[in-house]
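Here the structure comes first, spelled out in structure tokens, and everything after it is commentary.
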Amino acid sequence: MKGITRRLFGKTVAASAAAVISGVSFPEVAFGQPQPAPSILKYPSGFLWGCATAAYQIEGGAREDGRGPSLWDVFSHTPGKTHDGDTGDVADDSYHLYKEDVKLLKALGVSTYRLSMSWSRIFPNGTGEPNPKGLDYYSRVVDELLANNITPYITLFHWDTPAALPGGWQSRDTSKAFADYAAYTTKHLGDRVKHWMTTNEFHCFTNLGYRDGQFAPGLKLGPAPVSQIRHHAILAHGLAVQAIRASTPSGTQVGLAENANVFVPVIETKEHIEAARRATRLDNAPFLTALMEGKYIDAYLEQEGANAPKVEAGDMAAIGSRLDFVGLNVYTPSFVRADDSRQGYAIVPFPASQPKMASPWILLAPECLYWAVRNVCDLWKPQGIFITENGCSSDDVINSAGHIDDVDRVMYLRNHLTHLHRAVSEGYPVKGYFLWSLMDNFEWADGYSKRFGIHYVDFKTLKRTPKLSAEWYREAIARNSVV
Ligand code: PNW
């Protein structure tokens, strides 16, 4: 891959140089005619294009067919916790409209769809008796996807912890309950679903939920309980990997979706590149580093001191279970430079003028897609990488012609996919890209005030309308190239 791209790149450069030098040669295609995308931005054949969503953000049907409440139902129904008191009671009503959603996917031409399952639809109490109607829903969704030649990639847990589990992630029993849920679900769908992700974004459901109080369950606990909660979360992942392997046919692919902190070297020199790598390993120590190395690194244990998690025999071996792929959710990186501190790097803060998207935390730095892949691959050499989320919020408006011209989102996608292309062309094992998100949905504490979809959803009528970005993505997929 490396060689081919370099050669093509060389040719392109040579051709444009010749045009400049002679002063008389013109492109072969006349001006005003459609021109093919430059071949240097073409993705390899077989690259998987997809979209991502999550159960609580799109499904609605919160009380239907025996679904039990999750911590997000409780949190969103607690006054003052979400924007305007928004809840996921109805959301996009994908519980009823999933066939329409599969049509949207089909029209885009994606080959894959990343969705998540609501644990409390399948086990209303988190553990104990399963609810057949819950599993049935996902079985119908899977069949609909497969009938349309779209491969399902399923996340077992995207933050909607069953409310009935005592203490939620404060309890080690929740990790075990998760593994049982993983075993049951993958056993029943494993004949048709071959790609599973255990958990989504450890940081968000542990730190933001139990330390900062921004997400469900909205607690503000101290450092020792929080590090124990983080441990239970990664243990749940590890036990689930083992459970999935034991419950599914061989060849089933298991990974996770993790928003590892991404570090971009301020300048691409050896010392800053090394600083980015060091920062990646240390800053992700409680999560991805522990998974990839099967241990908590010394620097993390030192940093936590008396608050370090209590680890039982066998935990780290489970946590370090081999993965078939690592999924990375990538939004905003940090810039980093080498320095002579003990850790060997310093974060360079964003200036106030760093461009942002509609959510104030989405600062534009599209290099993050390249460095997310490179740092993780250089450190741990995973077998495969997926970008399991990337996308942005935009202040979408419907114009008088009924169109949503989200040129800023198109700019965002074009630039991020250009930088991801660099990683692919350098031979890093990036297998696919899931755009967040297929459609506007319940954006957690921001409720319906932030729109991340490439389809606009009118939350009164639930009508879905493709935005300009959907048209752009369809074209990129059709050409297998940045456009
Ligand atoms: C991810 N932050 O969440 C989630 O996986 C999605 O469910 C979510 O809709 C999407 O990104 C967009 O927000 C994040 O504040 C939410 O840094 C917040 C943050 C990061 C990720």
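In this note's numbering, each number is its position in the sequence shown, counted from 1, plus 730. Ideal placement from N, C-alpha and C gives every residue a C-beta, glycine not left out.
7 Å Cβ shell around residue i - same chain, five flanking residues per side excluded
i: GLY856; result: TRP849, SER850, PRO892, ALA894, LEU895 and ALA907
i: SER1123; result: MET1087, ALA1088, SER1089, ILE1092, LYS1180, ARG1181 and PHE1182
i: GLU1032; result: none
i: GLY796; result: PRO854, ASN861, LYS863 and GLY864
i: TYR773; result: HIS1151, VAL1154, ASN1210 and SER1211
Residue i Cβ short of 7 Å to ligand 1 heavy atom set
i: GLN787; result: yes
i: GLU1173; result: yes
i: TYR911; result: no
i: PHE1182; result: yes
i: GLU931; result: yes
i: ASN1059; result: yes
i: CYS934; result: yes
i: ALA784; result: yes
i: TRP1091; result: yes
i: TRP1166; result: yes
i: ASN989; result: yes
i: GLU1119; result: yes
i: HIS1185; result: no
i: HIS813; result: no
i: THR888; result: The sequence given here has His at residue 888, not Thr. Yes, Cβ of HIS888 sits closer than 7 Å to a heavy atom of ligand 1.
Contact under 8 Å by Cβ, residue i with residue j
i: THR885; j: ALA973; result: no
i: ASP843; j: LEU875; result: The sequence given here places Tyr at residue 843; Asp does not occur at that position. Yes.
i: TRP1166; j: PHE1182; result: yes
i: ASN1014; j: ASN991; result: yes
i: ILE788; j: ASP814; result: no
i: ALA966; j: THR936; result: no
i: ASN1105; j: GLU931; result: no
i: THR1148; j: LEU771; result: yes
i: LEU1198; j: LEU827; result: no
i: GLU1001; j: ALA1043; result: no
i: MET1169; j: HIS1185; result: yes
i: GLY818; j: GLY790; result: yes
i: TRP779; j: VAL832; result: no
8 Å contact criterion, which residue i and residue j should meet: CB distance rounded
i: TYR867; j: TYR825; result: 7 Å
i: HIS925; j: GLN983; result: 5 Å
i: VAL1160; j: ILE1115; result: 5 Å
i: ASP1054; j: GLN958; result: That belief does not hold up - the Cβ atoms of ASP1054 and GLN958 are roughly 29 Å apart, past 8 Å.
i: SER977; j: GLY920; result: 6 Å
i: LEU951; j: PHE945; result: Actually they are not in contact, since the Cβ atoms of LEU951 and PHE945 sit about 13 Å apart, beyond 8 Å.
Residues that residue i bridges to, as DSSP identifies them
i: ILE1115; result: VAL1056 and VAL1160
i: GLN983; result: HIS925
i: TRP1166; result: ALA782
i: TYR1075; result: ALA1068
i: LYS1086; result: LEU1093
i: PHE993; result: SER1064
Own chain residues within Cβ distance below 6 Å of residue i, not counting five before or after
i: ILE1128; result: ILE1134
i: PHE853; result: PRO860 and TYR911
i: PHE993; result: ALA1006, ALA1009, THR1010, SER1064 and VAL1066
i: LYS836; result: ASN878
i: HIS961; result: PRO1039
Chain-order list of residues whose beta-carbon lies under 8 Å from that of residue i (same chain, five-residue window excluded)
i: GLY753; result: Only weak support exists for where GLY753 lies, its pLDDT of 48 falling under 50; the coordinates are left without a value.
i: GLU794; result: TYR825
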